[in-house]
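**Q** Before we start, here is the structure in question, set down as structure tokens.
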Amino acid sequence: MPIALTNATYIDRDAETMQTGAILVSDDPNGGIEFVDQAPSSAEVIDCSGRVVTPSFAIAHHHIYSGLARGMPAPPSTPTNFLEILELIWWRVDKALDTDMVRACAHAVAIEALKSGSTFIIDHHASPSAPAGSLHTIAGALDEIGVGHLLCYELSDRDGPDKRDAGLQETQDYLVNHQGLVGLHASFTVSEPLLEFAVDLANKHGTGLHIHVAEDDADQTFCLENHNCRVVERLHNAGVLESPRSILAHCIHLDNHERALIADSSAWVSQQSESNQNNAVGALDARAFPDKVMIGTDGMHSDALGAARAAYLMAQREEGGMSPLDAHDRLRRVHSYLESNQFEGDSGNNLVILDYNPPTPVTIDNWPGHLMYGLSRAHVESVIARGRLVLDHGRCTLVDEDEILEGCREQAERLWEKL
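Every letter in the sequence shown is one number past the one before it in numbering that gives the first Met the number 0, and letter 312, counting from 1, is 311.
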């Protein structure tokens, strides 16, 4: 059944047009919207008086495996640098996950994403003790909630050849029947044979690589000592940057030559300012490639709008300033990535209805300023994904939200006991 949004003030994805009227939302999963004079009798009618309707958001880099981490026990000792954060926290978490926990992580993240206005997640997954079927499990859980996805498994040599090969097998099995990427952890945990195999695998399936790049300077130090080049140079030499589907996450500790390589490449960059601050690793300087940067959350949360605001504020110091319109475009660039690469799920009938009643006028010219200084996930009222109402006044419609979250809490307790 199509949905009709009456009395809707609609602002398009590019912040170029603002229009008020009745919107007919196609129920075709790959459909779009159109303005109509009157809602047809066959449509489900939602009165959007006093609401703002705009295309929903998407997350360019997530770690769904962190979905049960909120409130988890402290690590055995306090990390003093980024490598210790990985070793004492995140690599302990990912190795403790089993299939039931992975499913719960995906459920938890999907629900939070919808409540934050996001209907699509590009994820970078790791569960080295339970790799088999993990991407399939995540995909099923996200589909159940109503969230689109582009997944990969984080390949790495850090846990030995058996776990590496199991991750490779899951990647190959998943890409046979699903859209996805080939994931790599970071250069310093990826051997030359694994890098070469991953590039070949991505080429075989017509897709790209998704890899952490120079998140910490230790990544550069290792690369120089072991490969006699810098990280982006290594990836460039291996062919990673040739695919327009490749995503380079973070890209903080780069020199000018590396920035130029990215600027001249087909690859995209994801920015995660809050995670970078949390890990005290620095901040992205994207002035050499501003039109390639998308917004991710890196597992900190599932709020793309909040992540964009953090990037906007960080840019005032690190990038010589950024306008609200530039920040808006960075938030929306993930849609260009998905559309240009013909990935499915980020459809024209993915919408968010915002209960936003500010004390100042909203115009097409100042909409980006409202996004950066006024709007938050608290204003998300309802969400439509691929023509279906998946969040209605803050409640998921496709699942029993309370039952799902209770199951998540049970799995979180299991995970925490293992930690």
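Built from N, CA and C at the ideal position, the CB exists for glycine as well.
Note that the coordinates shown come from a computational prediction; the quantities given were computed from them, not determined experimentally.
Which residues does DSSP pair with T8 in a beta bridge?
**A** Assignment of beta-bridge partners to T8 by DSSP yields T19 and V51.
**Q** Within the same chain, show all residues whose beta-carbon is closer than 6 Å to that of C104, passing over the 5 residues directly before and after it, in chain order.
**A** I63, Y64, G66 and L67
**Q** Rounded to whole angstroms, what is the Cα-Cα separation between T396 and S381?
**A** 10 Å
**Q** Report yes if the C-beta distance between V361 and R329 is below 8 Å; otherwise report no.
**A** no
**Q** With DSSP as the reference, please indicate the residues paired to W267 in a beta bridge.
**A** I246
**Q** Taking its Cβ as the centre, do 16 or more other Cβ atoms sit within 10 Å of M0, making it buried, or is it exposed?
**A** exposed
**Q** Buried or exposed: N349, going by 16 or more other Cβ atoms within 10 Å of its Cβ?
**A** buried
**Q** Under three-state DSSP, which class holds D391?
**A** strand
**Q** Just reading off the alpha helix (DSSP H) that F81 is part of, what are its end residues?
**A** F81 to I84
**Q** Would you mind giving the Cβ-Cβ distance between D172 and R163, rounded to the nearest angstrom? I have them listed as a contact below 8 Å.
**A** Contact flag wrong, Cβ pair sits at about 15 Å.
**Q** Roughly how many angstroms separate the alpha carbons of L260 and A38, rounded to a whole number?
**A** 51 Å
**Q** In angstroms with no decimal places, state the Cα-to-Cα distance between V44 and V24.
**A** 10 Å
**Q** Is the distance from the Cβ of H249 to the Cβ of A213 below 8 Å?
**A** yes
**Q** Taking the alpha-carbon positions, what's the Q410 to D99 distance?
**A** 7 Å
**Q** Just to confirm the assignment, what range does the alpha helix (DSSP H) spanning I137 have?
**A** S133 to I144
**Q** In whole angstroms, what separates the C-alpha of A217 from that of L82?
**A** 8 Å
**Q** Are the beta-carbon atoms of G320 and R286 separated by less than 8 Å?
**A** no
**Q** According to the neighbour-count rule (16 or more other Cβ atoms, all chains shown, within 10 Å of its Cβ), is F342 buried or exposed?
**A** buried
**Q** What are the boundary residues of the beta strand (DSSP E) that includes D122?
**A** S117 to D122
**Q** Which class does A384 belong to by DSSP, given the choice of helix, strand or coil?
**A** strand
**Q** Starting from D99 and walking both ways along the alpha helix (DSSP H), at which residues does that stretch end?
**A** T98 to K114
**Q** Tell me whether A307 sits in a helix, a strand or coil according to DSSP, three-state version.
**A** helix
**Q** Find the nearest neighbour of E416 within the set V92, A21 and I10, judged by alpha-carbon distance.
**A** V92
**Q** Are the beta-carbon atoms of L193 and L247 separated by less than 8 Å?
**A** One thing to note: L193 has its Cβ no nearer than 8 Å to the Cβ of L247.
**Q** Of all the beta strand (DSSP E) runs that stay within the bounds of the stretch 149 to 220, which reach a length of 3 or more residues?
**A** Qualifying beta strand (DSSP E) stretches, in chain order: 181 to 185 and 208 to 212.
**Q** With hydrogens ignored, establish whether the beta-carbon of A7 is closer than 7 Å to any heavy atom of the ligand NAD.
**A** Of ligands this structure carries none, so the ligand NAD is not represented either.
**Q** Where do the N-terminal and C-terminal ends of the alpha helix (DSSP H) with E400 fall, by residue?
**A** E400 to K417
**Q** Please report how far the alpha carbon of A307 lies from the alpha carbon of D13, in whole angstroms.
**A** 15 Å
**Q** If I measure Cβ to Cβ from H327 and keep anything under 7 Å in the same chain, skipping five residues before and after, which residues do I get?
**A** A14, P367 and L370
**Q** Taking only three categories from DSSP, how would you classify D302?
**A** Coil.
**Q** Between which two residues does the beta strand (DSSP E) harbouring L370 extend?
**A** Segment W366 to Y372 is the alpha helix (DSSP H) holding L370; no beta strand (DSSP E) there.
**Q** Buried or exposed: T16, going by 16 or more other Cβ atoms within 10 Å of its Cβ?
**A** exposed
**Q** Here's the rule I'm using: 16 or more other beta-carbon atoms within 10 Å means buried, otherwise exposed. How should S190 be labelled?
**A** exposed
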